[in-house]
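Q: Supplied in structure tokens, the structure appears directly below.
2 protein chains.
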Amino acid sequence: MNKAIPGFTGSPLQRIDHERDNPANIASMRADPAALLLRLDGLDPVAGEEGLNWGSLAEAGEAELALLGLIEGVPRFVALNAHADANARSPALFRMLGDLPSSEAATYAVARSLVDWHARHGHCPRCGKATEPIRAGWARRCAADGSEHFPRTDPVVIMLAEHRGRVLVGRQPRFPPNRYSALAGFVEVGESIEEAVARELFEEAGVRATSVRYIASQPWPFPSSLMIACVAPVESDAITLDTKELEDAMWVGREDVVQALAEAEGARFLAPPAYAIANTLFHRWLAGD
Amino acid sequence: MNKAIPGFTGSPLQRIDHERDNPANIASMRADPAALLLRLDGLDPVAGEEGLNWGSLAEAGEAELALLGLIEGVPRFVALNAHADANARSPALFRMLGDLPSSEAATYAVARSLVDWHARHGHCPRCGKATEPIRAGWARRCAADGSEHFPRTDPVVIMLAEHRGRVLVGRQPRFPPNRYSALAGFVEVGESIEEAVARELFEEAGVRATSVRYIASQPWPFPSSLMIACVAPVESDAITLDTKELEDAMWVGREDVVQALAEAEGARFLAPPAYAIANTLFHRWLAGD
Chain D
157 MNKAIPGFTG SPLQRIDHER DNPANIASMR ADPAALLLRL DGLDPVAGEE GLNWGSLAEA
217 GEAELALLGL IEGVPRFVAL NAHADANARS PALFRMLGDL PSSEAATYAV ARSLVDWHAR
277 HGHCPRCGKA TEPIRAGWAR RCAADGSEHF PRTDPVVIML AEHRGRVLVG RQPRFPPNRY
337 SALAGFVEVG ESIEEAVARE LFEEAGVRAT SVRYIASQPW PFPSSLMIAC VAPVESDAIT
397 LDTKELEDAM WVGREDVVQA LAEAEGARFL APPAYAIANT LFHRWLAGD
Chain X
157 MNKAIPGFTG SPLQRIDHER DNPANIASMR ADPAALLLRL DGLDPVAGEE GLNWGSLAEA
217 GEAELALLGL IEGVPRFVAL NAHADANARS PALFRMLGDL PSSEAATYAV ARSLVDWHAR
277 HGHCPRCGKA TEPIRAGWAR RCAADGSEHF PRTDPVVIML AEHRGRVLVG RQPRFPPNRY
337 SALAGFVEVG ESIEEAVARE LFEEAGVRAT SVRYIASQPW PFPSSLMIAC VAPVESDAIT
397 LDTKELEDAM WVGREDVVQA LAEAEGARFL APPAYAIANT LFHRWLAGD
């Protein structure tokens, strides 16, 4: 994996979203004998040594289909599954993600977020009645009140506070032993990316950002975040930890980060996996971004 | 207004989100005689020459309250309003937004997005039953299935394609006469900011981005977008217009943009208002960002 490219990006998928509202073309694609169905096990990929696994549309049976788009000119679909359980995240899933090329993981991410959204949004948030998929699986419509609803994409800021050549890493109680990562939090309504970065750093670690620079972004399909990675110089290295969010935080230098990324023996901490943008963020920070 | 600072940012509001789960503290704030209620007319601000208008909590009557946060140490609330109509956007509203200082507009944006979200999300998207506000108005909970639901923040990319010192501006049919702006579109599930910029530029104008640089962001409370402004150099200036999205597009040079921002007589186009991040984006592009 190219360490400068965030995980879950680089899918060869052409979304052809202008076709989603064209039922005749969607019907042709569904009737195309070359059309392929992404095989999923619940929400997990069915991946082998050659990456994602595709079958014929017949395998979907009576399930509703969503059009992912085209790859190599071939229509690609995924079956909606109202019983998909987003909370069932197995260690096997994360091992598979570590093995998949970023471009394959990126195609999977689209499918996972979409299927998961449908499974958890079968009713109209306005009136409570059941909704139906429309736009080739890219929205749902309520026949009772006519409202249309679109998949959620939740922006999350993830950032390294920076002070005199060191950056701040923290660990959540749910992390594997010795894993530390960049701090993170959801962008709330009515705030910019820069404001969310400053707010989260102050809330979680008591440090005050003097500026914010954007570094990179990635989709994160658990369930459907948009991760926005930044670096923020801060006024002081005095930390006041929010122990509800983090069980520890520490300042680390360049050599610490180099060793963590290299998974060196005796490294001060264990870095997040390559498909997480925190990993990209460490690489980009070392590169001077 | 400082032209380098995006509209709807710079609110003095401290969100104190760690208090939202502390019912005793929330009750104290509601009982505080100094606590203030943001006066709204439906979803519109009730603004005078001195900016936003605040009253006592008693004015809310039986309405549920959401805690916006603290300003100058004083708790600030807004009343939820299930009948607020997000589609009722009056010309008077946009005149008011043009007159409000950015920091006041930013506080208003938090309230508007929050009240609007509650008004359109009274039911559980999983099971359809009615939900109730929790977390001081920052979430809703379904008593039937126990699920919790959080306000949406929808990321939108807005970008200037750039080619040999010129940038691409387009107009939507709903724009006022001669208004042109940066192209824009929602970030979809499973894509990065950079991928969304490239996709939208290709779909709407047929131009291919060779890279994407992030410039700035702002919240946009109609209803609750996160606008992410970028500049993207493109391979060629040949345009293929998607006439479903845009009625025209054209390449403009530095002097065109200078005159548009100055609202000069004879300017080639009318720029978006100062509170829109497209305006900031033009200023930042002229400044060399």
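Chains as they are written, first to last, in my numbering: chain D, 157 to 445; chain X, 157 to 445. Glycine is no exception: its CB is placed at the ideal position from the N, C-alpha and C atoms.
#1: Name, please, each residue of chain D whose Cβ falls closer than 8 Å to the Cβ of X:Ser337.
#2: Keeping to the same chain, check which residues put their C-beta closer than 6 Å to that of X:Trp376; ignore five residues upstream and five downstream.
#3: What does the alpha-carbon distance come out to for the pair X:Ala187 and X:Phe233?
#4: Can you give me the Cβ contacts of D:Glu304 inside the same chain, cut-off strictly under 6 Å, excluding the 5 residues immediately before and after it?
#5: By Cβ distance, which residues of its chain are closer than 8 Å to X:Val413, with the 5 residues on each side in sequence left out?
#6: If you compare alpha carbons, which of X:Ser167, X:Ala244 and X:Asn237 is closest to X:Phe378?
#7: What residues in its chain sit with their C-beta under 6 Å from that of D:Glu215, if we drop five residues either side in the sequence?
#8: Relative to the C-alpha of X:Arg291, which residue among X:Arg355, X:Val363 and X:Glu220 is closest?
#9: Any beta carbon from chain X within less than 8 Å of D:Ile349's own beta carbon?
#10: I want to know whether the region 234-243 of chain X touches the region 306-319 of chain X - three or more CB-CB distances under 8 Å.
#11: If contacts are defined as beta-carbon pairs under 8 Å, then X:Leu357 and X:Val390 qualify, I think. What distance do you get, rounded to the angstrom?
#12: Under 8 Å, do D:Met185 and D:Leu224 count as touching if we go by C-beta distance?
#13: If the cut is a Cβ gap below 8 Å, which residues of chain X does D:Leu270 touch?
#14: Applying the criterion that 16 or more other CB atoms from any shown protein chain within 10 Å of the CB defines a buried residue, is D:Val230 buried or exposed?
#15: What span of residues does the beta strand (DSSP E) with X:Arg369 cover, start to end?
#16: Output, in chain order, the set of chain D residues within a Cβ distance shorter than 7 Å of X:Asp310.
#17: On the premise that X:Ala354 lies in contact with X:Ala365, defined as a C-beta separation below 8 Å, what is that separation, rounded to the nearest angstrom?
#18: At least one CB of chain D closer than 8 Å to the CB of X:Arg171: is that the case?
#19: When the cut-off is 8 Å and only beta carbons count, does D:Gly168 lie next to chain X?
#20: Quick one: residues in its chain with C-beta nearer than 6 Å to the C-beta of X:Met157, no 5 flanking neighbours on either side, listed in chain order?
#21: Tell me the rounded alpha-carbon separation between X:Pro168 and X:Val266.
#22: Select from X:Ala203, X:Ala275 and X:Glu288 the residue whose C-alpha is nearest the C-alpha of X:Phe250.
#23: For chain X, find out if any of its Cβ atoms is closer than 8 Å to the Cβ of D:Leu382; answer yes or no.
#24: If we call anything under 8 Å between Cβ atoms a contact, is X:Ser380 one with X:Trp210?
#25: If we define contact as Cβ-Cβ less than 8 Å, is X:Glu359 a contact residue for chain D?
#26: Using beta carbons (cut-off 8 Å, strictly below), is D:Asp398 in contact with chain X?
#27: Enumerate in chain order the residues of its own chain whose CB-to-CB distance from D:Leu226 is below 8 Å, with the five nearest sequence positions on each side excluded.
#28: Select from D:Glu175, D:Leu417, D:Gly302 and D:Gly422 the residue whose C-alpha is nearest the C-alpha of D:Ala432.
#29: Starting from the C-beta of D:Gly207, find all residues in its chain whose C-beta is less than 7 Å away, skip the five residues before and the five after it, and write them out in chain order.
#30: Taking the Cβ atom as the reference point for each residue, do D:Pro189 and D:Tyr264 lie within a distance shorter than 8 Å?
#31: Is D:Trp407 close to chain X? Criterion is C-beta to C-beta, closer than 8 Å.
#32: Quick check on the DSSP output: the alpha helix (DSSP H) that includes D:Ala416 runs from which residue to which?
#33: Return the Cβ separation of X:Leu199 and X:Arg268 in integer angstroms, given the expectation that the two are a contact with Cβ distance under 8 Å.
#34: So for D:Glu318, helix, strand or coil by DSSP?
#35: Here's a check: name, in chain order, each residue in its chain whose Cβ is nearer than 7 Å to the Cβ of D:His174, leaving out the five neighbours to either side.
#36: Which same chain residues, not among the five before or five after X:Glu419, have their C-beta less than 8 Å away from its C-beta?
A: Looking at the atomic coordinates:
#1: In the second sequence, the residue the question calls residue 337 of chain X occupies position 181. In chain order: nothing, as chain D lies at least about 19 Å away.
#2: Start at 1 with the first residue of the second sequence, and residue 376 of chain X comes out as number 220. Once the five neighbours on either side are set aside, the close Cβ partners of X:Trp376 are Met383.
#3: Position 31 of the second sequence holds residue 187 of chain X. Position 77 of the second sequence holds residue 233 of chain X. The alpha-carbon atoms of X:Ala187 and X:Phe233 are separated by roughly 12 Å.
#4: Taking the first sequence and counting its residues from 1, the one referred to as residue 304 of chain D is at position 148. Result list for D:Glu304: Ala295 and Arg297, in chain order.
#5: The sequence position of residue 413 of chain X within the second sequence is 257, counting from 1. If we look at X:Val413 and ignore the five residues flanking it on each side, its Cβ neighbours are Val323, Ala427, Phe438, Trp441 and Leu442.
#6: Reading the second sequence from its first residue, position 222 is the one you call residue 378 of chain X. The residue with the shortest Cα to Cα distance from X:Phe378 is X:Ala244.
#7: The residue given as residue 215 of chain D occupies position 59 in the first sequence. Taken in chain order, the residues that qualify are Leu193.
#8: Residue mapping note: residue 291 of chain X aligns to position 135 of the second sequence, counting from 1. Checked all of X:Arg355, X:Val363 and X:Glu220; the closest Cα to X:Arg291 is X:Glu220.
#9: For this step, residue 349 of chain D is matched to residue 193 along the first sequence. Yes, because at least one Cβ of chain X sits closer than 8 Å to the Cβ of D:Ile349.
#10: no
#11: Mapped onto the second sequence, residue 357 of chain X falls at position 201. Mapped onto the second sequence, residue 390 of chain X falls at position 234. With 8 Å as the limit, X:Leu357 and X:Val390 qualify as a contact, their Cβ atoms being about 7 Å apart.
#12: In the first sequence, the residue the question calls residue 185 of chain D occupies position 29. In the first sequence, the residue the question calls residue 224 of chain D occupies position 68. No, Cβ-Cβ distance for D:Met185 and D:Leu224 is not below 8 Å.
#13: What you label residue 270 of chain D is simply residue 114 of the first sequence in a count that begins at 1. In chain order: Val345 and Gly346.
#14: As a working mapping, residue 230 of chain D is identified with position 74 in the first sequence. The residue is exposed, with fewer than 16 neighbouring Cβ atoms inside 10 Å.
#15: The residue you call residue 369 of chain X lines up with position 213 of the second sequence. Its beta strand (DSSP E) spans residues Arg369 to Trp376.
#16: Residue mapping note: residue 310 of chain X aligns to position 154 of the second sequence, counting from 1. Those within 7 Å of X:Asp310 in chain D are Thr309.
#17: Looking up residue 365 of chain X in the second sequence gives position 209. Looking up residue 354 of chain X in the second sequence gives position 198. Contact holds; Cβ gap of about 4 Å.
#18: Locating residue 171 of chain X in the second sequence gives position 15, counting from the first residue. Yes - at least one Cβ of chain D is within 8 Å of the one on X:Arg171.
#19: For this step, residue 168 of chain D is matched to residue 12 along the first sequence. A small correction: the amino acid at residue 168 of chain D is Pro; Gly does not occupy that position in the sequence shown. Closer than 8 Å: no.
#20: Numbered from its first residue, the second sequence carries residue 157 of chain X at position 1. Annotation note: pLDDT 46 at X:Met157 (below 50); position unreliable, coordinate value reported separately. Taken in chain order, the residues that qualify are Ser258 and Ala430.
#21: Your numbering for residue 168 of chain X matches position 12 in the second sequence. Your numbering for residue 266 of chain X matches position 110 in the second sequence. X:Pro168 and X:Val266: Cα-Cα distance of roughly 12 Å.
#22: Residue 250 of chain X sits at position 94 when you count from the first residue of the second sequence. Residue X:Ala203 is the option with its Cα nearest to X:Phe250.
#23: The residue you call residue 382 of chain D lines up with position 226 of the first sequence. It does; some Cβ of chain X falls within 8 Å.
#24: Taking the first residue of the second sequence as position 1, residue 380 of chain X is located at position 224. Taking the first residue of the second sequence as position 1, residue 210 of chain X is located at position 54. Not closer than 8 Å, so no.
#25: Position 203 of the second sequence, counting from 1, holds the residue named residue 359 of chain X. With 8 Å as the cut-off, X:Glu359 counts as an interface residue toward chain D.
#26: On the first sequence, position 242 is the one that residue 398 of chain D refers to. Interface residue, yes.
#27: Position 70 of the first sequence, counting from 1, holds the residue named residue 226 of chain D. Contacts found: Leu169, Gln170, Ile172 and Arg232.
#28: By one-based count along the first sequence, residue 432 of chain D stands at place 276. Of the listed residues, the one whose Cα sits closest to D:Ala432 is D:Leu417.
#29: On the first sequence, position 51 is the one that residue 207 of chain D refers to. Excluding sequence neighbours, D:Gly207 sits near Leu256, Pro257 and Glu260.
#30: Here residue 189 of chain D is taken as the residue at index 33 of the first sequence, counted from 1. Here residue 264 of chain D is taken as the residue at index 108 of the first sequence, counted from 1. No, they are not a contact pair.
#31: Counting from 1 along the first sequence, the entry for residue 407 of chain D is found at position 251. By this cut-off, D:Trp407 is not an interface position.
#32: As a position in the first sequence, residue 416 of chain D is number 260, starting the count at 1. First-last of the alpha helix (DSSP H) with D:Ala416: Arg410 to Leu417.
#33: Residue mapping note: residue 199 of chain X aligns to position 43 of the second sequence, counting from 1. Residue mapping note: residue 268 of chain X aligns to position 112 of the second sequence, counting from 1. Contact between X:Leu199 and X:Arg268 holds, with the beta-carbon distance rounding to 5 Å and staying under 8 Å.
#34: Looking up residue 318 of chain D in the first sequence gives position 162. Note: D:Glu318 maps to strand in three-state DSSP.
#35: Taking the first sequence and counting its residues from 1, one reaches residue 174 of chain D at position 18. Taken in chain order, the list of residues that qualify is empty.
#36: Here residue 419 of chain X corresponds to residue number 263 of the second sequence, with the count starting at 1. Same-chain partners within the cutoff: Leu426 and Ala427.
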